[in-house]
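Take the sequence shown: its position 115, counting from 1, is numbered 115 in this note's numbering, and each next residue is one higher.
Ideal Cβ positions, reconstructed from N, Cα and C, are used throughout, including at glycine.
Treat the numbers as computed from the prediction; the structure is a model and nothing was measured.
Structure first, commentary second.
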Amino acid sequence: MKKILVIDDEKPTLDMLRLFLEVLGYKVLTAENERSGIEIFEAERPKIVMTDIKMPGKDGFSVLEKIKGIDPSATVIVVTGHGDKSFEKRAFEMGASSFLHKPLNPEQLDIALKKAKEP
Numbered sequence: 001m002k003k004i005l006v007i008d009d010e011k012p013t014l015d016m017l018r019l020f021l022e023v024l025g026y027k028v029l030t031a032e033n034e035r036s037g038i039e040i041f042e043a044e045r046p047k048i049v050m051t052d053i054k055m056p057g058k059d060g061f062s063v064l065e066k067i068k069g070i071d072p073s074a075t076v077i078v079v080t081g082h083g084d085k086s087f088e089k090r091a092f093e094m095g096a097s098s099f100l101h102k103p104l105n106p107e108q109l110d111i112a113l114k115k116a117k118e119p
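Structure follows, in structure tokens:
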């Protein structure tokens, strides 16, 4: 079973994504902040990570940078409800595979996940 880590400070978003991703056959790991997300990533080594940008403390850009530093082959999907084109540009420059806006569109999420599975 393919593992995916979802990092978001909003519990309802984590719950919704867990349900959606489990239906798609993923083992879903969740974290509510950058620190616990990095700890889970180091312990579990999922190949796909979804992270929110705006979180208390360190943001999703910090998550993206640390994940790519630990495992450059990891796929990071960045999600935000507040981002603009400059956030999107920065995320791609830092190695994100996809950039999604909240509320998440299931079709866009599906495309991002298929892209993540590509070699």
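Excluding the five sequence neighbours on either side, which residues of its own chain have a C-beta within less than 7 angstroms of the C-beta of residue i, listed in chain order?
i	result
Asp59	Ile53
Thr30	Val6, Leu14 and Arg18
Considering only the beta carbon of each residue, do residue i and residue j sit closer than 8 angstroms?
i	j	result
Met94	Lys68	yes
Val28	Val63	no
Met55	Glu34	yes
Met133	Gly37	With the chain covering only 1 through 119, there is no way to say anything about residue 133.
Ala91	Ile48	no
Have a look at residue i and residue j and give me their C-alpha separation to the nearest angstrom.
i	j	result
Glu32	Asp8	5 angstroms
Lys114	Glu65	22 angstroms
Asp71	Glu44	12 angstroms
Glu10	Lys102	12 angstroms
If I measure Cβ to Cβ from residue i and keep anything under 8 angstroms in the same chain, skipping five residues before and after, which residues do I get?
i	result
Ala112	Ile77, Ser97, Ser98 and Leu100
Buried or exposed, going by whether 16 or more other CB atoms sit within 10 Å of the CB of residue i?
i	result
Pro46	buried
Val79	buried
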